[in-house]
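My numbering numbers the first residue of the sequence shown as 33 and each following residue consecutively.
Remarks on the structure that follows.
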Amino acid sequence: MSASSTASFDARGTRATRFAGGVTRASASARRLLTAIGAIVTPVVRLIWRGIGPVLNVVTGLGWLVVALGVLSLVLSLIFGWQEFMYLATVLLAALLVSTLFLVGRSSFGVFIELNPRRVVVGDRAMGRMVVTNTGERALPPTRMELPVGRGLAEFQLPGMKAGEEHEELFAVPTHKRAVIVAGPAESVRGDQLGLLRRAQKWADPVDLFVHPRTVRLAPSAAGLVRDLEGQVSKKITNNDIAFHALRPYVPGDDRRYVHWRTSARIGQLMVRQFEETRRSQVTMIHASRSELYATEDEFELAISVTASIAAQIIRDGTQMNVVSESGMWRTQTVTSMMDASCRIEPSGREFSTLREFARERTRRLPAPSVVMIVGGSGMTIADFRSIQSLFGQDTSQVGFRVVHGSEPKISVVAGLTMITIGDLADLPPLIRGLGR
(Lines of atoms letter the chains of each structure in order from A and count residues from 1; the text may use other names and numbers.)
(Lines give C-alpha, C1' and ligand atoms only; values in the text may rest on other atoms or scores of the structure.)
Protein backbone atom coordinates (compact mmCIF):
# COMPACT_ATOMS: atom_id res chain seq x y z
CA MET A 1 0.00 0.00 0.00
CA SER A 2 1.39 3.43 -0.97
CA ALA A 3 1.93 6.32 1.41
CA SER A 4 -0.84 8.36 -0.28
CA SER A 5 -3.33 5.51 0.12
CA THR A 6 -2.41 5.14 3.77
CA ALA A 7 -2.85 8.86 4.38
CA SER A 8 -6.24 8.81 2.66
CA PHE A 9 -7.37 5.82 4.75
CA ASP A 10 -6.22 7.52 7.98
CA ALA A 11 -8.13 10.68 7.02
CA ARG A 12 -11.32 8.73 6.38
CA GLY A 13 -10.90 6.88 9.71
CA THR A 14 -10.39 10.15 11.54
CA ARG A 15 -13.52 11.68 9.97
CA ALA A 16 -15.57 8.56 10.88
CA THR A 17 -14.31 8.67 14.45
CA ARG A 18 -15.12 12.36 14.73
CA PHE A 19 -18.60 11.77 13.26
CA ALA A 20 -19.28 8.92 15.71
CA GLY A 21 -18.07 11.08 18.59
CA GLY A 22 -20.33 13.91 17.45
CA VAL A 23 -23.34 11.59 17.28
CA THR A 24 -22.61 10.31 20.80
CA ARG A 25 -22.31 13.83 22.20
CA ALA A 26 -25.50 14.88 20.41
CA SER A 27 -27.36 11.89 21.84
CA ALA A 28 -26.12 12.66 25.35
CA SER A 29 -27.15 16.30 24.94
CA ALA A 30 -30.59 15.27 23.69
CA ARG A 31 -31.05 12.96 26.69
CA ARG A 32 -30.05 15.71 29.09
CA LEU A 33 -32.44 18.11 27.35
CA LEU A 34 -35.34 15.64 27.52
CA THR A 35 -34.58 14.94 31.19
CA ALA A 36 -34.59 18.66 31.96
CA ILE A 37 -37.85 19.19 30.05
CA GLY A 38 -39.41 16.22 31.87
CA ALA A 39 -38.33 17.61 35.25
CA ILE A 40 -40.09 20.88 34.40
CA VAL A 41 -43.17 19.55 32.61
CA THR A 42 -44.06 16.67 34.98
CA PRO A 43 -44.83 18.85 38.06
CA VAL A 44 -46.83 21.24 35.84
CA VAL A 45 -48.89 18.38 34.39
CA ARG A 46 -49.51 16.98 37.87
CA LEU A 47 -50.62 20.38 39.10
CA ILE A 48 -52.98 20.85 36.15
CA TRP A 49 -54.41 17.34 36.55
CA ARG A 50 -54.93 17.94 40.26
CA GLY A 51 -57.14 20.84 39.31
CA ILE A 52 -59.06 19.43 36.35
CA GLY A 53 -58.94 15.72 37.26
CA PRO A 54 -61.93 15.83 39.66
CA VAL A 55 -63.92 17.71 36.98
CA LEU A 56 -63.11 15.24 34.22
CA ASN A 57 -63.80 12.24 36.44
CA VAL A 58 -67.50 13.09 36.67
CA VAL A 59 -67.89 12.33 32.95
CA THR A 60 -68.81 8.67 32.42
CA GLY A 61 -67.77 6.51 29.50
CA LEU A 62 -71.10 7.22 27.82
CA GLY A 63 -70.58 10.93 28.49
CA TRP A 64 -67.21 10.92 26.72
CA LEU A 65 -68.80 9.12 23.78
CA VAL A 66 -71.46 11.85 23.56
CA VAL A 67 -68.74 14.54 23.70
CA ALA A 68 -66.79 12.83 20.90
CA LEU A 69 -69.87 12.43 18.68
CA GLY A 70 -70.94 16.01 19.35
CA VAL A 71 -67.55 17.45 18.45
CA LEU A 72 -67.28 15.21 15.37
CA SER A 73 -70.76 16.25 14.20
CA LEU A 74 -69.89 19.92 14.69
CA VAL A 75 -66.67 19.60 12.67
CA LEU A 76 -68.45 17.76 9.82
CA SER A 77 -71.16 20.43 9.79
CA LEU A 78 -68.59 23.23 9.51
CA ILE A 79 -66.63 21.46 6.78
CA PHE A 80 -69.49 20.24 4.59
CA GLY A 81 -72.24 22.64 5.66
CA TRP A 82 -74.65 19.82 6.50
CA GLN A 83 -77.41 21.11 8.77
CA GLU A 84 -78.26 17.59 9.96
CA PHE A 85 -74.86 17.29 11.65
CA MET A 86 -75.26 20.73 13.22
CA TYR A 87 -78.60 19.65 14.63
CA LEU A 88 -77.09 16.39 15.99
CA ALA A 89 -74.17 18.28 17.57
CA THR A 90 -76.55 20.77 19.19
CA VAL A 91 -78.71 18.02 20.68
CA LEU A 92 -75.76 16.01 22.03
CA LEU A 93 -73.91 18.95 23.56
CA ALA A 94 -77.15 20.39 24.96
CA ALA A 95 -77.93 17.07 26.63
CA LEU A 96 -74.46 17.13 28.21
CA LEU A 97 -74.98 20.71 29.38
CA VAL A 98 -78.39 19.95 30.92
CA SER A 99 -76.87 16.91 32.70
CA THR A 100 -74.55 19.21 34.67
CA LEU A 101 -77.59 20.62 36.50
CA PHE A 102 -78.11 17.23 38.20
CA LEU A 103 -74.67 17.50 39.83
CA VAL A 104 -75.49 20.68 41.72
CA GLY A 105 -76.02 20.35 45.45
CA ARG A 106 -74.26 19.24 48.61
CA SER A 107 -74.95 16.15 50.69
CA SER A 108 -74.63 15.85 54.46
CA PHE A 109 -75.01 12.18 55.32
CA GLY A 110 -73.94 10.15 58.27
CA VAL A 111 -73.68 6.49 57.22
CA PHE A 112 -73.29 3.49 59.53
CA ILE A 113 -72.70 -0.02 58.13
CA GLU A 114 -73.18 -3.08 60.33
CA LEU A 115 -72.83 -6.79 59.54
CA ASN A 116 -74.44 -9.34 61.82
CA PRO A 117 -72.70 -11.62 62.50
CA ARG A 118 -69.19 -10.56 61.47
CA ARG A 119 -68.02 -14.18 61.17
CA VAL A 120 -69.95 -17.05 59.61
CA VAL A 121 -69.28 -20.51 58.20
CA VAL A 122 -69.73 -21.17 54.49
CA GLY A 123 -73.43 -21.39 53.74
CA ASP A 124 -74.63 -19.65 56.91
CA ARG A 125 -76.91 -16.64 56.68
CA ALA A 126 -75.43 -13.17 57.11
CA MET A 127 -77.36 -9.92 57.09
CA GLY A 128 -76.21 -6.35 56.80
CA ARG A 129 -77.71 -3.04 57.84
CA MET A 130 -77.00 0.44 56.51
CA VAL A 131 -78.29 3.41 58.52
CA VAL A 132 -78.26 6.78 56.77
CA THR A 133 -78.83 10.01 58.70
CA ASN A 134 -79.23 13.55 57.40
CA THR A 135 -76.70 15.37 59.57
CA GLY A 136 -77.26 18.75 57.92
CA GLU A 137 -79.64 21.56 58.76
CA ARG A 138 -81.56 21.41 55.46
CA ALA A 139 -83.75 18.75 53.90
CA LEU A 140 -82.12 16.54 51.27
CA PRO A 141 -83.77 15.40 48.03
CA PRO A 142 -84.09 11.70 47.11
CA THR A 143 -80.65 10.21 46.55
CA ARG A 144 -79.24 6.98 45.18
CA MET A 145 -76.83 5.19 47.50
CA GLU A 146 -74.48 2.47 46.27
CA LEU A 147 -72.87 -0.09 48.57
CA PRO A 148 -70.21 -2.50 47.26
CA VAL A 149 -70.61 -5.93 48.89
CA GLY A 150 -67.77 -8.21 47.85
CA ARG A 151 -67.81 -8.32 44.05
CA GLY A 152 -71.42 -7.21 43.90
CA LEU A 153 -73.06 -3.82 44.22
CA ALA A 154 -76.20 -3.08 46.22
CA GLU A 155 -78.18 -0.02 45.14
CA PHE A 156 -80.67 1.79 47.39
CA GLN A 157 -82.96 4.66 46.47
CA LEU A 158 -83.18 6.89 49.53
CA PRO A 159 -86.28 9.06 49.96
CA GLY A 160 -86.13 12.77 50.67
CA MET A 161 -84.91 13.27 54.24
CA LYS A 162 -85.55 16.13 56.64
CA ALA A 163 -82.80 17.48 58.88
CA GLY A 164 -81.89 14.84 61.48
CA GLU A 165 -84.06 12.16 59.86
CA GLU A 166 -82.78 8.59 59.76
CA HIS A 167 -83.36 5.88 57.15
CA GLU A 168 -82.46 2.18 57.41
CA GLU A 169 -81.81 -0.35 54.64
CA LEU A 170 -81.26 -4.10 55.09
CA PHE A 171 -79.34 -6.35 52.73
CA ALA A 172 -78.24 -9.99 52.56
CA VAL A 173 -74.60 -10.99 52.15
CA PRO A 174 -73.79 -14.03 49.97
CA THR A 175 -71.80 -16.63 51.94
CA HIS A 176 -71.66 -19.55 49.53
CA LYS A 177 -67.86 -19.40 49.33
CA ARG A 178 -65.01 -19.01 51.82
CA ALA A 179 -63.75 -15.44 51.58
CA VAL A 180 -63.28 -12.08 53.24
CA ILE A 181 -66.24 -10.04 52.00
CA VAL A 182 -65.82 -6.28 52.21
CA ALA A 183 -68.98 -4.19 52.56
CA GLY A 184 -68.48 -0.52 51.77
CA PRO A 185 -67.61 2.21 51.64
CA ALA A 186 -71.08 3.54 50.78
CA GLU A 187 -71.32 6.15 48.02
CA SER A 188 -74.03 8.73 47.48
CA VAL A 189 -74.47 9.28 43.75
CA ARG A 190 -75.67 12.37 41.91
CA GLY A 191 -76.18 12.26 38.16
CA ASP A 192 -78.56 12.50 35.24
CA GLN A 193 -80.98 9.81 34.15
CA LEU A 194 -79.06 9.19 30.92
CA GLY A 195 -75.85 8.34 32.80
CA LEU A 196 -73.69 10.97 31.10
CA LEU A 197 -72.35 12.54 34.29
CA ARG A 198 -71.86 10.99 37.71
CA ARG A 199 -70.58 12.50 40.96
CA ALA A 200 -70.04 10.09 43.85
CA GLN A 201 -69.05 10.82 47.43
CA LYS A 202 -67.84 8.14 49.82
CA TRP A 203 -69.31 7.73 53.30
CA ALA A 204 -68.30 5.46 56.20
CA ASP A 205 -65.47 2.92 56.33
CA PRO A 206 -65.63 -0.57 54.81
CA VAL A 207 -66.55 -3.48 57.08
CA ASP A 208 -65.17 -7.02 56.71
CA LEU A 209 -67.23 -10.21 56.88
CA PHE A 210 -65.20 -13.38 57.39
CA VAL A 211 -66.72 -16.47 55.78
CA HIS A 212 -64.88 -19.32 57.52
CA PRO A 213 -64.27 -22.73 55.93
CA ARG A 214 -66.21 -25.74 57.11
CA THR A 215 -64.41 -27.59 59.90
CA VAL A 216 -64.94 -30.67 62.07
CA ARG A 217 -64.25 -31.02 65.78
CA LEU A 218 -61.38 -33.37 66.60
CA ALA A 219 -60.50 -35.20 69.80
CA PRO A 220 -58.11 -33.43 72.21
CA SER A 221 -54.38 -33.81 71.48
CA ALA A 222 -54.84 -33.38 67.77
CA ALA A 223 -53.54 -36.09 65.50
CA GLY A 224 -52.62 -38.25 68.48
CA LEU A 225 -49.12 -36.81 68.16
CA VAL A 226 -49.07 -34.23 70.93
CA ARG A 227 -50.00 -36.13 74.07
CA ASP A 228 -47.60 -34.69 76.62
CA LEU A 229 -48.21 -31.79 78.99
CA GLU A 230 -44.60 -31.00 79.82
CA GLY A 231 -42.84 -31.75 76.55
CA GLN A 232 -41.51 -34.51 74.34
CA VAL A 233 -38.33 -36.40 75.17
CA SER A 234 -35.46 -36.02 72.72
CA LYS A 235 -32.22 -38.01 72.47
CA LYS A 236 -30.09 -35.09 73.65
CA ILE A 237 -28.52 -35.56 77.10
CA THR A 238 -28.54 -32.66 79.55
CA ASN A 239 -27.66 -32.04 83.20
CA ASN A 240 -30.93 -30.36 84.13
CA ASP A 241 -34.36 -31.56 83.01
CA ILE A 242 -37.24 -33.86 83.93
CA ALA A 243 -36.74 -37.21 82.18
CA PHE A 244 -34.08 -39.21 84.11
CA HIS A 245 -31.55 -40.99 81.90
CA ALA A 246 -28.55 -42.31 83.88
CA LEU A 247 -25.87 -41.58 86.52
CA ARG A 248 -22.34 -40.40 85.86
CA PRO A 249 -19.35 -39.45 88.01
CA TYR A 250 -19.32 -35.96 89.49
CA VAL A 251 -17.03 -33.36 87.87
CA PRO A 252 -16.20 -29.92 89.31
CA GLY A 253 -18.87 -27.41 88.40
CA ASP A 254 -21.82 -29.82 88.56
CA ASP A 255 -24.86 -28.65 90.50
CA ARG A 256 -24.88 -30.54 93.83
CA ARG A 257 -28.65 -30.58 93.82
CA TYR A 258 -28.41 -33.41 91.29
CA VAL A 259 -25.98 -35.56 93.29
CA HIS A 260 -27.49 -39.00 93.90
CA TRP A 261 -26.38 -39.43 97.52
CA ARG A 262 -27.56 -43.01 98.04
CA THR A 263 -25.57 -44.34 95.08
CA SER A 264 -22.60 -42.12 96.00
CA ALA A 265 -22.53 -43.57 99.55
CA ARG A 266 -22.78 -47.12 98.25
CA ILE A 267 -19.89 -46.94 95.77
CA GLY A 268 -17.80 -44.34 97.57
CA GLN A 269 -17.80 -41.83 94.69
CA LEU A 270 -19.99 -38.81 94.00
CA MET A 271 -22.49 -39.57 91.24
CA VAL A 272 -24.83 -37.07 89.58
CA ARG A 273 -28.01 -37.61 87.61
CA GLN A 274 -28.21 -37.13 83.83
CA PHE A 275 -31.43 -36.35 81.97
CA GLU A 276 -32.86 -36.64 78.50
CA GLU A 277 -33.71 -33.19 77.26
CA THR A 278 -37.40 -32.54 76.92
CA ARG A 279 -38.85 -29.75 74.88
CA ARG A 280 -42.19 -28.06 74.69
CA SER A 281 -44.32 -29.49 71.88
CA GLN A 282 -44.07 -27.27 68.82
CA VAL A 283 -46.25 -28.04 65.81
CA THR A 284 -45.60 -26.67 62.33
CA MET A 285 -48.23 -27.08 59.63
CA ILE A 286 -47.15 -26.59 56.01
CA HIS A 287 -50.11 -25.92 53.72
CA ALA A 288 -49.16 -26.03 50.03
CA SER A 289 -51.54 -23.67 48.20
CA ARG A 290 -50.01 -23.81 44.70
CA SER A 291 -52.95 -24.09 42.28
CA GLU A 292 -51.36 -26.81 40.14
CA LEU A 293 -51.40 -29.19 43.13
CA TYR A 294 -55.22 -29.31 43.18
CA ALA A 295 -57.46 -30.92 40.59
CA THR A 296 -60.54 -28.80 41.37
CA GLU A 297 -61.62 -25.84 43.45
CA ASP A 298 -63.53 -28.20 45.76
CA GLU A 299 -60.31 -30.10 46.44
CA PHE A 300 -58.54 -26.86 47.37
CA GLU A 301 -61.38 -25.93 49.74
CA LEU A 302 -61.26 -29.39 51.31
CA ALA A 303 -57.53 -28.95 51.98
CA ILE A 304 -58.22 -25.60 53.67
CA SER A 305 -60.88 -27.26 55.83
CA VAL A 306 -58.47 -30.06 56.82
CA THR A 307 -55.75 -27.59 57.81
CA ALA A 308 -58.18 -25.34 59.71
CA SER A 309 -59.78 -28.27 61.57
CA ILE A 310 -56.44 -29.65 62.80
CA ALA A 311 -55.02 -26.22 63.63
CA ALA A 312 -58.13 -25.25 65.60
CA GLN A 313 -57.86 -28.33 67.80
CA ILE A 314 -54.13 -27.87 68.40
CA ILE A 315 -54.75 -24.26 69.48
CA ARG A 316 -57.53 -25.41 71.83
CA ASP A 317 -55.09 -27.91 73.35
CA GLY A 318 -52.77 -25.02 74.21
CA THR A 319 -49.90 -26.34 72.06
CA GLN A 320 -47.58 -23.88 70.36
CA MET A 321 -47.99 -24.00 66.61
CA ASN A 322 -47.40 -22.22 63.33
CA VAL A 323 -49.15 -22.56 59.98
CA VAL A 324 -47.43 -21.44 56.78
CA SER A 325 -48.40 -21.35 53.12
CA GLU A 326 -46.92 -19.77 49.99
CA SER A 327 -48.47 -16.40 50.86
CA GLY A 328 -46.85 -16.34 54.31
CA MET A 329 -47.60 -17.23 57.89
CA TRP A 330 -51.10 -17.53 59.31
CA ARG A 331 -52.06 -15.84 62.54
CA THR A 332 -52.50 -18.58 65.15
CA GLN A 333 -52.81 -16.71 68.45
CA THR A 334 -56.42 -17.84 68.81
CA VAL A 335 -58.81 -20.11 66.96
CA THR A 336 -60.67 -17.04 65.67
CA SER A 337 -57.54 -15.35 64.30
CA MET A 338 -56.48 -18.60 62.62
CA MET A 339 -59.90 -19.03 61.01
CA ASP A 340 -59.82 -15.40 59.84
CA ALA A 341 -56.40 -16.02 58.27
CA SER A 342 -57.70 -19.12 56.47
CA CYS A 343 -60.32 -16.96 54.72
CA ARG A 344 -57.57 -15.04 52.91
CA ILE A 345 -55.77 -18.07 51.40
CA GLU A 346 -56.21 -18.30 47.65
CA PRO A 347 -54.63 -20.65 45.07
CA SER A 348 -51.20 -19.25 44.27
CA GLY A 349 -48.82 -19.43 41.36
CA ARG A 350 -45.32 -20.89 41.28
CA GLU A 351 -43.71 -18.47 43.73
CA PHE A 352 -40.95 -20.97 44.56
CA SER A 353 -39.19 -23.30 42.14
CA THR A 354 -39.86 -26.39 44.28
CA LEU A 355 -42.02 -27.34 47.24
CA ARG A 356 -38.89 -28.06 49.25
CA GLU A 357 -37.67 -24.51 48.66
CA PHE A 358 -41.06 -23.15 49.69
CA ALA A 359 -41.06 -25.16 52.94
CA ARG A 360 -37.45 -24.26 53.76
CA GLU A 361 -37.98 -20.54 53.15
CA ARG A 362 -41.23 -20.32 55.13
CA THR A 363 -40.02 -22.34 58.14
CA ARG A 364 -36.37 -21.33 58.52
CA ARG A 365 -37.15 -18.59 61.07
CA LEU A 366 -39.56 -20.71 63.09
CA PRO A 367 -38.69 -22.65 66.28
CA ALA A 368 -37.56 -26.24 65.74
CA PRO A 369 -40.76 -28.30 65.57
CA SER A 370 -41.49 -31.55 67.35
CA VAL A 371 -44.35 -32.33 64.94
CA VAL A 372 -44.62 -31.36 61.25
CA MET A 373 -47.85 -31.74 59.27
CA ILE A 374 -47.86 -31.28 55.49
CA VAL A 375 -51.11 -30.68 53.62
CA GLY A 376 -51.35 -30.84 49.82
CA GLY A 377 -53.67 -31.81 46.99
CA SER A 378 -53.86 -34.75 44.59
CA GLY A 379 -51.17 -33.18 42.40
CA MET A 380 -48.63 -33.47 45.21
CA THR A 381 -46.62 -36.69 44.89
CA ILE A 382 -45.06 -38.82 47.59
CA ALA A 383 -41.68 -37.53 46.42
CA ASP A 384 -42.88 -33.98 47.09
CA PHE A 385 -43.89 -34.91 50.63
CA ARG A 386 -40.56 -36.65 51.25
CA SER A 387 -38.60 -33.68 49.91
CA ILE A 388 -40.19 -31.56 52.66
CA GLN A 389 -39.70 -34.36 55.20
CA SER A 390 -35.93 -34.28 54.63
CA LEU A 391 -35.75 -30.70 55.95
CA PHE A 392 -36.40 -31.83 59.53
CA GLY A 393 -34.52 -34.08 61.95
CA GLN A 394 -35.26 -37.69 62.87
CA ASP A 395 -36.65 -36.60 66.25
CA THR A 396 -39.47 -34.77 64.47
CA SER A 397 -42.74 -36.65 63.99
CA GLN A 398 -44.09 -35.98 60.50
CA VAL A 399 -47.49 -36.58 58.91
CA GLY A 400 -48.55 -35.85 55.34
CA PHE A 401 -52.19 -35.18 54.44
CA ARG A 402 -52.85 -35.84 50.74
CA VAL A 403 -56.27 -34.42 49.84
CA VAL A 404 -57.90 -36.26 46.94
CA HIS A 405 -61.52 -35.20 46.62
CA GLY A 406 -63.86 -38.21 46.72
CA SER A 407 -61.15 -40.82 47.41
CA GLU A 408 -61.28 -43.56 50.05
CA PRO A 409 -59.53 -42.68 53.34
CA LYS A 410 -56.37 -44.58 54.20
CA ILE A 411 -53.22 -44.40 56.34
CA SER A 412 -49.82 -45.65 55.21
CA VAL A 413 -46.18 -45.23 56.23
CA VAL A 414 -43.50 -44.40 53.67
CA ALA A 415 -39.88 -44.25 54.90
CA GLY A 416 -40.87 -42.95 58.34
CA LEU A 417 -43.45 -40.50 56.96
CA THR A 418 -47.05 -41.20 57.93
CA MET A 419 -49.24 -40.54 54.89
CA ILE A 420 -52.98 -39.93 55.19
CA THR A 421 -55.22 -39.83 52.12
CA ILE A 422 -58.50 -38.03 52.73
CA GLY A 423 -61.38 -37.54 50.32
CA ASP A 424 -64.07 -36.05 52.56
CA LEU A 425 -63.96 -33.82 55.61
CA ALA A 426 -66.12 -36.27 57.59
CA ASP A 427 -63.28 -38.83 57.29
CA LEU A 428 -60.84 -36.65 59.22
CA PRO A 429 -61.88 -37.44 62.86
CA PRO A 430 -61.61 -41.26 62.51
CA LEU A 431 -58.32 -40.91 60.63
CA ILE A 432 -56.93 -38.75 63.42
CA ARG A 433 -58.05 -41.27 66.04
CA GLY A 434 -56.32 -43.98 64.02
CA LEU A 435 -52.97 -42.20 64.41
CA GLY A 436 -53.05 -42.56 68.17
CA ARG A 437 -53.43 -46.35 68.10
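All C-beta atoms, glycine included, are put in the ideal place defined by N, C-alpha and C.
- Counting along the chain, the unbroken alpha helix (DSSP H) around Gln421 starts and ends at 414-421.
- Within the same chain, Cβ atoms closer than 6 Å to the Cβ of Val239 are found at Ile145, Leu147, Ala215, Gly216, the five residues on either side in sequence being excluded.
- DSSP, reduced to helix, strand and coil, places Trp235 within a strand of the structure shown.
- Going by beta carbons, Val98 and Leu228 fall inside the 8 Å limit.
- Rounded to whole angstroms, the gap between the alpha carbons of Arg382 and Asn354 is 22 Å.
- According to DSSP, residue pairing for Phe203 in a beta bridge involves Gly160.
- Bridge partners of Met370 according to DSSP: none are assigned.
- Restricting attention to Thr175, Val152, Ala232, Thr167, the CA atom closest to the CA of Ala204 is found in Val152.
- As a beta-bridge residue in DSSP terms, Ala215 pairs with Val181, Val239.
- Per the Cβ contact rule, the segment 118-125 is not in contact with the segment 337-344 (fewer than 3 Cβ pairs under 8 Å).
- The beta carbon of Arg230 lies closer than 7 Å to those of Val90, Thr92, Val221, Gly223 in the same chain, with the five residues before and after it left out.
- Selection Asp330, Cys375, Pro462 evaluated against His437 yields Asp330 as nearest (Cα-Cα).
- Listed as beta-bridge partners of Asn354 by DSSP are Thr316.
- Ile336 and Pro245 have their C-alpha atoms roughly 7 Å apart.
- Burial check for Ile420: the Cβ neighbour count within 10 Å reaches 16 or more, so the residue is buried.
- Under the three-state reduction of DSSP output, Glu146 falls in the strand class.
- Partner residues in the beta bridge of Ser429, as assigned by DSSP, are Val403.
- Remark: C-beta atoms of Ser313 and Ser380 do not approach each other more closely than 8 Å.
- Residue state for Arg170 is assigned as coil, using DSSP reduced to three classes.
- Judged by DSSP in its simplified three-state form, Ser220 adopts strand.
- Between the segment 410-430 and the segment 351-367 there are fewer than three C-beta pairs closer than 8 Å, too few to call the two in contact.
- Contact check for Thr175 and Gly142: beta-carbon distance about 13 Å, past the 8 Å limit, so the pair fails to qualify.
- Under the three-state reduction of DSSP output, Val98 falls in the helix class.
- For the options Ala186, Thr247, Leu241, the alpha carbon positioned closest to that of Glu219 is the one of Ala186.
- Secondary-structure assignment with DSSP links Lys442 through a beta bridge to Thr453.
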